[in-house]
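Since the structure comes first, as structure tokens, the remarks are kept for the end.
Residue numbers (UniProt numbering): 1 to 556.
Set out below in structure tokens:
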């Protein structure tokens, strides 16, 4: 059904109406949010197919993990649904007005039909009376026909005149019958219109129910988004713990690597010293072997000379004795050199074993150094990945946190009711403020009684008189976190003198439980600064104080 909200406006085609709903774009949610100007639906109209297309529309963001885009598309879709509901409400109002008009037309037609029926009955009675009169006159004339033939022509003419009058009356009766049939047809068409209006009203009620169900579905998705945010925060805490553990393990591995390097250098130095000592020992051994060979050849020469002297009988005994003594001395020297050679060989074998052990330990140290270096590089890669995950998780948390705050409302108004004090002196008077207990207004509304009249007010949150400073700060702490995430935040308290603004903002000096919003916000800011400082972040903080009084600014 196409139409306009006002009869004087130009009708809009279905394509134009649907383009107005989508902000001049196609109904694909991936093309971005549409622009809907104004809050009144104006000349926008919908068909059954357009309503079904809007209900069956699926939200398809470009990035399914981008919850900000998804929430923007949801908000845009809700705006379109609200515009559609607004149009249906206006259509329902117009249909109800048209229903009342049709009902009035039906009543007037029914009344007119009754009047026509009464008029027809009266005419019929008159005609019946005339017919009876004519019958009476006819009988009289028939009786007088025999007596007065002269009056026959006049009676016939009178009868014909009466007959014409009767024909005229019958024609008027037929026209009245046709008017009655037309009125009955109009009545039946009005009944059909009433039935169609009732059917449309039922469909509108069903559509309103489906919209309410979709709204509850969106609320469930908002709750799921909040749970996802808390899950991301828990994963961030887990990653931070694993990151700190990896950093500690990295430092221990660095210390172990330094100690391994030092032991490797000592092993290399020891190897070089042992290699020098082995070279010296090999030189000594070579020299001793050469001395031994010379002594051995000398002993052989002396032995040969002794044999020659023995063979030569002419040699003297003195020369023989001296040669024998010299041979014994040479043999003793040779045996001493043999012992020295054995000792040097043992020392050489020991030095070679030490050199082999040093080579093995050097190889093991090099392999351990390579393994340690590889493990260190792997730890650095894991550390970089963990830091990247932490950064991505923090960015995702910021987006989800900001999305939740935007869904709650960028501008929120809280009401805190101050408890009665002894100085107020109203213990015996009737309470002027009450709190409704309905589901819609529970925790969000107050009722003020003045001069016997009750004035209801609704807020985003209402704090009871017994609410503590901590309960108030729980609602504000999310805004403080948004400020730490880099968003602009403004928090201020307003009210008349003595309403508790200073107590709410500053609290009671010296009392830990009654600290106000400003001290608690500063504590949260410095705690977050300390945590981020351990991760390598640096913060510079500046605080300024201004007093505004009577259009003047005072600087302390």
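The beta-carbon is built from N, C-alpha and C at its ideal position, and this holds for glycine as well.
Counted as a single uninterrupted DSSP element, the stretch harbouring residue 459 is not any alpha helix (DSSP H), since DSSP gives it neither H nor E. Secondary structure note for residue 524: its alpha helix (DSSP H) is the uninterrupted segment 517–534.
By the beta-carbon neighbour count (other beta carbons within 10 angstroms, threshold 16), residue 90 is buried.
Here the alpha carbons of residue 308 and residue 323 stand approximately 12 Å from one another.
For residue 553, the enclosing beta strand (DSSP E) has its first and last residue at 552–554. In the assembly as shown, residue 487 is an exposed residue. Its beta-carbon has fewer than 16 other beta-carbons within 10 Å. A direct Cα-Cα distance of roughly 37 Å separates residue 381 from residue 272. Per DSSP, reduced to three states, the secondary structure at residue 547 is strand. Counting only runs of 3 or more residues that sit fully inside the region 86–152, no beta strand (DSSP E) segment turns up.
The residue among 203, 293 and 361 with its C-alpha nearest the C-alpha of residue 261 is 361. Here DSSP, grouped into helix, strand and coil, assigns residue 486 to coil. Here residue 510 carries a coil assignment [DSSP, helix/strand/coil]. For residue 418 and residue 443, the gap between their C-alpha atoms comes out near 15 Å. Counting along the chain, residue 416 sits inside the beta strand (DSSP E) bounded by residues 414–416. Close CB contacts of residue 519 within its chain, under the 8 Å cut and outside five residues either way in sequence, are with 506 and 507 (chain order). Residue 81 is classed as buried because its beta carbon has at least 16 other beta carbons within 10 Å across all chains shown. In this structure residue 295 touches residue 333 by the C-beta definition: roughly 6 Å separates them, less than 8 Å.
About 38 Å separates the Cβ atoms of residue 547 and residue 400, ruling out a contact at the 8 Å cut-off. For residue 246, the CB contacts under 8 Å within the same chain, skipping 5 residues up- and downstream, are 379, 382, 383 and 386 in chain order. Rounded to whole angstroms, residue 373 and residue 532 show a C-alpha spacing of 30 Å.
About 7 Å separates the CB atoms of residue 404 and residue 229; that is less than 8 Å, so the two are in contact. Looking at the backbone, the Cα of residue 475 and that of residue 423 are separated by about 30 Å. Closest in alpha carbon position to residue 335, among 415, 293, 257 and 166, is 293. Taking each of 440, 254, 406 and 135 in turn and checking the Cα distance to residue 376, the smallest one comes out for 254.
Residue 473 is not bridged by DSSP to any residue. Boundaries of the beta strand (DSSP E) around residue 448: 445–450. Contact between the region 496–505 and the region 536–547 is absent: fewer than 3 CB-CB pairs across the two stretches fall below 8 Å. Between the beta-carbon of residue 239 and that of residue 393 there is about 6 Å, and that keeps the pair under the 8 Å contact cut. Under the 10 Å beta carbon count, residue 365 is surrounded by 16 or more other beta carbons and is classified as buried. Of the candidates 156, 130 and 129, 156 places its Cα closest to the Cα of residue 142. Excluding sequence positions up to five before and after residue 197, its CB lies within less than 6 Å of the CB of 95 and 99, all in the same chain and listed in chain order. In this structure, residue 397 keeps its C-beta atom at 8 Å or more from the C-beta atom of residue 268. The Cβ-Cβ distance between residue 421 and residue 472 does not fall below 8 Å. The alpha-carbon of residue 437 is positioned some 18 Å away from that of residue 414. For residue 455, the closest alpha carbon among the candidates 435, 467, 463 and 462 is that of 435. Of the other Cβ atoms in all chains shown, 16 or more fall within 10 Å of the Cβ of residue 46; this residue is therefore buried.
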